[in-house]
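Please read the structure below before turning to the comments.
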Amino acid sequence: QAKSAGRDTLQFFDPSMQKAVSARVEMEKDMRMALERHEFDLFFQPQVQHDKVIGAEALLRWQHPIKGFIPPGVFVPAAEESGLILPLGEWVLYAACRQLARWAQDPALAHLTMSVNVSPRQFYQPDFVDKVQQALQVTGATPDLLELELTEGMLLTDVEDTIRKMVQLKAIGVIFSLDDFGTGYSSLSYLKRLPLDKLKIDQSFVREVETSVNDATIACSIIALGNSLGLQVIAEGVETEAQRAFLAANGCSYWQGFFFSRPQPAAKFEAWTRAYGASHEADTVLSN
Ligand code: C2E
Ligand code: MG
Ligand code: MG
Ligand code: MG
Numbered sequence: 001q002a003k004s005a006g007r008d009t010l011q012f013f014d015p016s017m018q019k020a021v022s023a024r025v026e027m028e029k030d031m032r033m034a035l036e037r038h039e040f041d042l043f044f045q046p047q048v049q050h051d052k053v054i055g056a057e058a059l060l061r062w063q064h065p066i067k068g069f070i071p072p073g074v075f076v077p078a079a080e081e082s083g084l085i086l087p088l089g090e091w092v093l094y095a096a097c098r099q100l101a102r103w104a105q106d107p108a109l110a111h112l113t114m115s116v117n118v119s120p121r122q123f124y125q126p127d128f129v130d131k132v133q134q135a136l137q138v139t140g141a142t143p144d145l146l147e148l149e150l151t152e153g154m155l156l157t158d159v160e161d162t163i164r165k166m167v168q169l170k171a172i173g174v175i176f177s178l179d180d181f182g183t184g185y186s187s188l189s190y191l192k193r194l195p196l197d198k199l200k201i202d203q204s205f206v207r208e209v210e211t212s213v214n215d216a217t218i219a220c221s222i223i224a225l226g227n228s229l230g231l232q233v234i235a236e237g238v239e240t241e242a243q244r245a246f247l248a249a250n251g252c253s254y255w256q257g258f259f260f261s262r263p264q265p266a267a268k269f270e271a272w273t274r275a276y277g278a279s280h281e282a283d284t285v286l287s288n
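If you read the sequence shown in the numbering used here, its first letter stands for residue 1, the second for the next number, and so on.
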């Protein structure tokens, strides 16, 4: 019976869909192996306030031994769909916390926050709060320097449960930011209820912020909204000095983007951060 149902189901697939399905199945198999073979890695991108590096966003990287670099925009959705995001997300959390604990030993890096992207399925786990607490305990990372990036859509499924989890983690010091803000459908009343610390302006509004009146209006509205709710507002995807200056002039002084640095492996990120600090200290000395 199952067999005939399978055959009936298959009739609805056209060849291109079948190809897409088998590609998905193959990617799942590859990701499972990649986890075992430690092919995943974290890169770090600086978050800057005026002339200071204040934190890093951890971004997952996958170097496939044959297919080469596969972007997270491709494999994260597949991992989310298959459930593999649970072990993968846990690996990310531990790797990020271990890095945070290492930075704590270095005076030049000890103040940095670490932002970790959390996927919906990961956040919906009933023991998500315990899992985060465990990662902090095992690695010895400071909770006040761990920031979890949530996205709008995932917060609306069960608002009470979301708030409960956030409150429990905030009680131990964990920071919350809302990623890709402006692209989802969060209602402003939820935004007021959720115990958030930061809003991240999505890069789609930053790209043409000085040339598109609409994008400028949206970006400025998000800045005003965030500021009036007492949230820190950080702009993603800052690629030029002109974008940075426009944002600064309009009340947003936290920035992340290629203008400062691309995401890099830990050692390069650390070297970049030291050099940035040193050159800006020199600026201050010169201007005094
Ligand atoms: P996101 O969390 O919004 O991350 C920001 C993305 O923008 C990153 O892409 C980053 O490399 C890119 N970016 C940063 N600055 C610039 C810029 O100036 N210009 C442009 N064009 N892009 C910039 P990436 O690393 O490819 O990641 C894409 C998405 O994949 C992330 O978007 C996030 O949603 C997801 N992702 C990445 N790592 C993880 C992870 O560890 N866990 C989960 N659940 N999702 C992840
Ligand atoms: Mg993010
Ligand atoms: Mg984002
Ligand atoms: Mg994004």
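Every residue, glycine too, gets a C-beta built ideally from N, C-alpha and C.
Remember, it's a predicted structure, so these values are computed and weren't measured experimentally.
- About 13 Å separates the beta carbon of Ile218 from that of Val233, a gap too long to meet the 8 Å contact definition.
- Between the alpha carbons of Leu136 and Thr240 lies a distance of about 36 Å.
- Thr113 and Lys19 have their C-alpha atoms roughly 42 Å apart.
- In this chain, the alpha helix (DSSP H) harbouring Asp215 covers Val213 to Ser228.
- Between the stretch 118-130 and the stretch 75-93, the count of Cβ pairs shorter than 8 Å is three or higher; the stretches touch.
- A heavy atom of ligand 3 is found nearer than 6 Å to the CB of Glu236.
- A Cβ-Cβ distance of about 33 Å is found for the pair His50 and Ser189, leaving them out of contact under the 8 Å criterion.
- Proximity of the beta carbon of Asn214 to ligand 2 is not indicated: no heavy atom of the ligand is located closer than 6 Å.
- Within the DSSP bridge table, the entry for Lys198 names Ser177 and Gln232 as partners.
- Looking at the backbone, the Cα of Ala271 and that of Pro15 are separated by about 50 Å.
- A contact is defined here as three or more CB-CB pairs under 8 Å, and the stretch 207-215 fails this definition with respect to the stretch 146-164.
- Taking the Cα positions, Phe176 is about 24 Å away from Glu81.
- Of all alpha-carbon atoms in Tyr94, Ser115 and Thr183, the one lying nearest the alpha-carbon of Gln45 is that of Ser115.
- At a threshold of 6 Å, Asp197 does not count as near ligand 3, since its beta carbon sits no closer than that to any of the ligand's heavy atoms.
- Checking the DSSP bridge columns, you'll see Ile70 partnered with Trp62.
- Using a cutoff of 6 Å, the CB of Glu241 does not count as near ligand 1, since none of the ligand's heavy atoms is closer than that.
- Judged by DSSP in its simplified three-state form, Phe259 adopts coil rather than helix or strand.
- With respect to Glu149, Asp106 sits apart: the two C-beta atoms are not nearer than 7 Å.
- The residues Ala235, in chain order, have a CB closer than 6 Å to that of Leu247 in the same chain once the five nearest residues on each side in sequence are set aside.
- Considered as a whole, the stretch 81-139 harbours 85-103, 120-124 and 128-139 as its complete alpha helix (DSSP H) runs of no fewer than 4 residues, in chain order.
- Taking the Cα positions, Cys97 is about 20 Å away from Lys198.
- Going by DSSP, Leu42 is part of the beta strand (DSSP E) stretching over Phe40 to Gln49.
- When the beta-carbon positions are compared, Gly182 and Phe205 come within less than 7 Å of each other.
- Around the beta-carbon of Met27, 16 or more other beta-carbon atoms lie within 10 Å, marking it buried.
- Non-local beta-carbon contacts of Leu93 in its own chain, meaning distances under 8 Å to residues more than five positions away in sequence, involve Val116, Lys131, Val132 and Ala135 in chain order.
- A residue is called buried once 16 or more other Cβ atoms fall within 10 Å of its Cβ, and Ile172, having fewer, is exposed.
- Counting the other CB atoms within 10 Å of its CB gives Gln243 a total of 16 or more, which places it among the buried residues.
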